[in-house]
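Below: one structure, written as structure tokens.
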Amino acid sequence: MRYKVLVYFFSIIFIADLFYMQVVKHSESSRLAMKNIVRVEPLPASRGVIYDRDGNILAESYPVFMLLVYPALFGKEQRDFLLKSGIVSEALFKRKYKRHYGVIRMKRLSREEVAMIEENCDKLPGVRVKIEPVRFYAYDSITSHVIGYTGEISEAEINQKKLPLQKGTIIGKRGVEKRYDEFLRGVDGVEYWKVDALGRFIGKAEGLKDIPPVKGGDAYTTIDVKLQRYVDSLFSKYRRGAAVAINPSTGEILLYYSKPGFPVNEIVYHGNDLIWKDLVSSPDGPLFDRVLKGQYPPGSIFKVITAAIGLKEGIVNEHTRFKPCNGGIYIGNKYMACWSRHGSLELIDAIIQSCDVYFYQLGMSIGLPLFSRDAREMGFGRPTGVDMDGEKTGLIPDSAWFNAFYGRRNWGKGVVANLAIGQGEILVTPLQVVKFFAGLVNGGKAPVPYIVKKIVNNRGEVIYSHKIEYEQLLVDTSVLSLLKKATIGVVENPKGTAHWIRLTNIVIGGKTGTAQNPHGEDHSLFVGYAPAEKPEIVVFVVVENAGHGSTVAAPIAARIIKRYIEERRLING
Numbered sequence: 382m383r384y385k386v387l388v389y390f391f392s393i394i395f396i397a398d399l400f401y402m403q404v405v406k407h408s409e410s411s412r413l414a415m416k417n418i419v420r421v422e423p424l425p426a427s428r429g430v431i432y433d434r435d436g437n438i439l440a441e442s443y444p445v446f447m448l449l450v451y452p453a454l455f456g457k458e459q460r461d462f463l464l465k466s467g468i469v470s471e472a473l474f475k476r477k478y479k480r481h482y483g484v485i486r487m488k489r490l491s492r493e494e495v496a497m498i499e500e501n502c503d504k505l506p507g508v509r510v511k512i513e514p515v516r517f518y519a520y521d522s523i524t525s526h527v528i529g530y531t532g533e534i535s536e537a538e539i540n541q542k543k544l545p546l547q548k549g550t551i552i553g554k555r556g557v558e559k560r561y562d563e564f565l566r567g568v569d570g571v572e573y574w575k576v577d578a579l580g581r582f583i584g585k586a587e588g589l590k591d592i593p594p595v596k597g598g599d600a601y602t603t604i605d606v607k608l609q610r611y612v613d614s615l616f617s618k619y620r621r622g623a624a625v626a627i628n629p630s631t632g633e634i635l636l637y638y639s640k641p642g643f644p645v646n647e648i649v650y651h652g653n654d655l656i657w658k659d660l661v662s663s664p665d666g667p668l669f670d671r672v673l674k675g676q677y678p679p680g681s682i683f684k685v686i687t688a689a690i691g692l693k694e695g696i697v698n699e700h701t702r703f704k705p706c707n708g709g710i711y712i713g714n715k716y717m718a719c720w721s722r723h724g725s726l727e728l729i730d731a732i733i734q735s736c737d738v739y740f741y742q743l744g745m746s747i748g749l750p751l752f753s754r755d756a757r758e759m760g761f762g763r764p765t766g767v768d769m770d771g772e773k774t775g776l777i778p779d780s781a782w783f784n785a786f787y788g789r790r791n792w793g794k795g796v797v798a799n800l801a802i803g804q805g806e807i808l809v810t811p812l813q814v815v816k817f818f819a820g821l822v823n824g825g826k827a828p829v830p831y832i833v834k835k836i837v838n839n840r841g842e843v844i845y846s847h848k849i850e851y852e853q854l855l856v857d858t859s860v861l862s863l864l865k866k867a868t869i870g871v872v873e874n875p876k877g878t879a880h881w882i883r884l885t886n887i888v889i890g891g892k893t894g895t896a897q898n899p900h901g902e903d904h905s906l907f908v909g910y911a912p913a914e915k916p917e918i919v920v921f922v923v924v925e926n927a928g929h930g931s932t933v934a935a936p937i938a939a940r941i942i943k944r945y946i947e948e949r950r951l952i953n954g
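Those letters in the sequence shown? Residues 382 to 954, per this note's numbering, in order.
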């Protein structure tokens, strides 16, 4: 009996062991085998289209042949083939190959290169040709600063971003592409492939359903690309500068132009070290966005802001006169010159004729504390709030700044005289200037500038919509009316510094500026708006190292205004 029990017991153990080996272990082995022969491949989503205000395409994606390299399966034989065939250069390989990456997007391929790889596919495990979407910019360098470009996410960016993005993911690097990347990027899909023991793709995996990618949202911007192209032609004989224009009622940025631009398509397609070396080393700074980051002494443009401060604080009125201008004046023991002899002037004529002596005295009457405080309240020395990353703030120096920079006893009260005419340590950005003047002609409501109106997903749903915002200039409408009258006189009055840009059928208001530059020729500046009775556009132009504002920047601005208004009248009937 005991013997039978033992036989029965060991039989049970044997059957259980057999079941484990044949069923459980086989099932686990099958799962592991399946894992070993199935490769999960990402399906990159196509980024959304970026449009200008009239529906012209600024950026879109289209399919190309992409060379993918899998470091885990990639060896010397494959490397030698790619190098000797000329498909990949030594420099490109060194720059892009990362052994710890799962997959590397090496480069875009021509049809001839695709054929070479396909003919040798049996000996190229770890190398694959795949069709993927690549970005194309219809206006290339002309819109490079505003639209930006895309590229593979870096390890630093992976660590910075909260989203679980993988190595090789294409993201926006600058401009609209960067600011609105989460909407434009879409959602990558996945596909399942069978691979052999050498890692070669042998067909789609059975029983596993691919997940298709979801296209990114389409962005509708405020940019007028026809105007942008026209401005590029106006800057053809100048090396460096910027032009920005907004709708003063809404803050829509109509024009966003920085020269020089850079070849975004070349960067996206090739992006080799030579391209970047040339861009970084260029003395003209093609990667520097002058609209967003350019900080310039405003020159006489700031006399309008100084006048606004004086009027707001009750220090001057329309009829206030100071000591007459005889070509200069002593501030303390320092003689400060004017560019002409203007005699005795009231405030409006001092703006129209741009008299330095008048504004030296007004600045001294205001004093540095009030001047710096009110200038900041009017939007200078701080961000405008534009929907772009990396905006600079300019500089409105106050007593604390002068103490820190020069030392407590190394500057005098006379510094405000220089600041009052837009010279010295004061710095403004193009966006700050157009925002202030938009507020000036919009009843004191300064709109926050913006570029993207809305973003729509592939189902036609609006997933982002811009909300128009304003900042109040905190000055009476009577002050705004007086300043508007003065700035119209700058162009319309025969004594105005920009009278010669006057148009016959469009009344322009504005102000010239010549920014002193210690490193070379002065910068030419002008801000203008039109039609004066109901402004549709405010434009600021700076041409670096070009001389007086009245001779270079002002004529360019007048042409921009004329072209924009005439084109809009045609479109709107």
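Heads up, the beta-carbon is just placed ideally off N, CA and C, and yes, glycines get one too.
Computed from a predicted structure; not experimentally measured.
Checklist entry - By Cβ distance, which residues of its chain are closer than 7 Å to Lys943, with the 5 residues on each side in sequence left out? => result Within the same chain, Lys943 has close Cβ partners Leu884 and Ile887.
Next on the checklist: Among Gly436, Arg489, Ser442 and Gly580, whose alpha-carbon lies nearest the alpha-carbon of Asp503?
Outcome noted: Gly580 is the residue among Gly436, Arg489, Ser442 and Gly580 whose C-alpha sits nearest the C-alpha of Asp503.
Checklist entry - Counting Cβ pairs, one atom from each stretch, are 3 or more of them under 8 Å apart for the region 417-432 and the region 565-584? => result Touching, yes.
Checklist entry - Thinking C-alpha only, which one of Asp569, Gly584 and Ala578 is nearest Pro594? => result Comparing C-alpha distances from Pro594 to each of Asp569, Gly584 and Ala578 shows the shortest one belongs to Asp569.
Next on the checklist: Let's see if you can read the secondary structure: which residues bound the alpha helix (DSSP H) around Glu917?
Outcome noted: Neither: Glu917 is in no alpha helix (DSSP H) and is coded neither H nor E.
Next on the checklist: I want to know whether the region 753-768 touches the region 826-838 - three or more CB-CB distances under 8 Å.
Outcome noted: At 8 Å Cβ cutoff, the stretches touch.
Next on the checklist: Please report the distance separating the alpha-carbon of Arg940 from that of Ser617.
Outcome noted: Their backbone Cα atoms lie some 14 Å apart in a straight line.
Item to check | Cβ shell of Phe391 (< 8 Å), same chain only, five flanking positions each side left out | outcome: Note on Phe391: pLDDT 39, under 50, position unreliable in the model; no value is reported.
Next on the checklist: Classify His892: buried if its beta carbon has 16 or more other beta carbons within 10 angstroms, exposed otherwise.
Outcome noted: Checking the displayed sequence, the identity of residue 892 turns out to be Lys instead of His. Per the 10 Å Cβ criterion, buried.
Next on the checklist: Just list the residues that DSSP pairs Trp574 with in beta bridges.
Outcome noted: BP columns for Trp574 point to Arg420 and Lys585.
Checklist entry - Can you list, in chain order, the stretches of the beta strand (DSSP E) that have 3 or more residues and sit fully within the region 888-943? => result Listed in chain order, the complete beta strand (DSSP E) runs (minimum 3 residues) inside the region 888-943 are 890-896, 904-911 and 918-924.
Checklist entry - Alpha carbon to alpha carbon, how far is Ala935 from Val923? => result So the two alpha carbons sit approximately 9 Å from each other.
Checklist entry - So, using beta-carbon positions, are Ile604 and Val919 closer together than 8 Å? => result Taking a C-beta distance under 8 Å as the contact criterion, Ile604 and Val919 do not qualify as a contact pair.
Checklist entry - Between Pro912 and Tyr650, what straight-line distance do the alpha-carbon atoms span, to the nearest angstrom? => result Those two C-alpha atoms are separated by around 43 Å.
Item to check | Asn823, buried or exposed, once every other Cβ within 10 Å from all chains shown has been counted against 16 | outcome: Within 10 angstroms of the beta-carbon of Asn823 lie 16 or more other beta-carbons, which makes it buried.
Item to check | Cβ-based neighbour list, Leu864, same chain, cut-off 7 Å, excluding 5 preceding and 5 following | outcome: Taken in chain order, the residues that qualify are Val685, Ala688, Ala689 and Leu821.
Item to check | For Leu490, the residue or residues it bridges with in DSSP | outcome: Per DSSP, Phe446.
Checklist entry - To the nearest angstrom, how far is it from the Cα of Gly708 to the Cα of Arg722? => result Answer to the nearest angstrom: the Cα atoms are 5 Å apart.
Next on the checklist: For Trp881 and Val872, what's the separation of their Cα atoms in angstroms?
Outcome noted: So the two alpha carbons sit approximately 7 Å from each other.
Next on the checklist: If you follow the alpha helix (DSSP H) that Ile648 is in, where does it begin and where does it stop?
Outcome noted: Segment Val645 to Tyr650, the alpha helix (DSSP H) holding Ile648.
Item to check | Straight-line gap, Met717 to Ser725 (C-alpha atoms, nearest Å) | outcome: Whole-angstrom Cα-Cα distance: 17 Å.
Next on the checklist: My assumption, with CB atoms under 8 Å, is that Val557 sits in contact with Val606. Please give the rounded CB distance.
Outcome noted: 13 Å between Cβ atoms; not a contact.
Checklist entry - Since Gln853 contacts Gly877 with CB under 8 Å, what's their CB separation in whole angstroms? => result Between Gly877 and Gln853 the Cβ distance is about 29 Å, and since that is not below 8 Å, they are no contact.
Next on the checklist: Taking the beta carbon of Pro875 as the centre, do at least 16 other beta carbons fall within 10 Å, making it buried, or is it exposed?
Outcome noted: Classification of Pro875: exposed, given that the 10 Å Cβ count is below 16.
Next on the checklist: Please tell me whether Glu727 and Glu694 are closer than 8 Å, where the distance is taken between their beta carbons.
Outcome noted: Not in contact: Glu727 and Glu694 (Cβ atoms no closer than 8 Å).
Checklist entry - What first and last residue would you give for the alpha helix (DSSP H) that runs through Phe786? => result Run containing Phe786: Ser780 to Tyr787, per the alpha helix (DSSP H) assignment.
Next on the checklist: From the DSSP secondary-structure annotation, give me the bridge partner or partners of Ser846.
Outcome noted: Under DSSP, Ser846 shares a beta bridge with Lys835.
Item to check | First through last residue of the beta strand (DSSP E) which encompasses Gly532 | outcome: Per DSSP, the unbroken beta strand (DSSP E) holding Gly532 starts and ends at Thr531 to Glu533.
Item to check | Rounded separation between Lys848 and Gly632 - CA only | outcome: Take the alpha-carbon of Lys848 and the one of Gly632: they are about 11 Å apart.
Checklist entry - With 16 as the cutoff for other CB atoms within 10 Å, does Ala867 come out buried or exposed? => result Classification for Ala867: buried.
Item to check | Collapsed DSSP secondary structure at Tyr677 in the structure displayed | outcome: In this structure, Tyr677 counts as strand in the three-state DSSP scheme.
Next on the checklist: Which residue wins for smallest C-alpha separation from Glu772, given the options Gly795, Ile802, Leu812 and Tyr739?
Outcome noted: Minimum Cα distance to Glu772 is reached at Leu812.
Item to check | Per-residue DSSP class, three states only, for Lys548 | outcome: DSSP places Lys548 in the coil class of the three-state scheme, outside both helix and strand.
Item to check | Residues that DSSP places opposite Ser639 in a beta bridge | outcome: Its beta-bridge partners are Ala623.
Checklist entry - Start and end of the beta strand (DSSP E) containing Ile690? => result Element bounds for Ile690: not the beta strand (DSSP E) but the alpha helix (DSSP H), Phe683 to Lys693.
Next on the checklist: On the DSSP bridge list, what partners appear for Tyr711?
Outcome noted: Per the DSSP secondary-structure output, Tyr711 pairs in a beta bridge with Tyr716.
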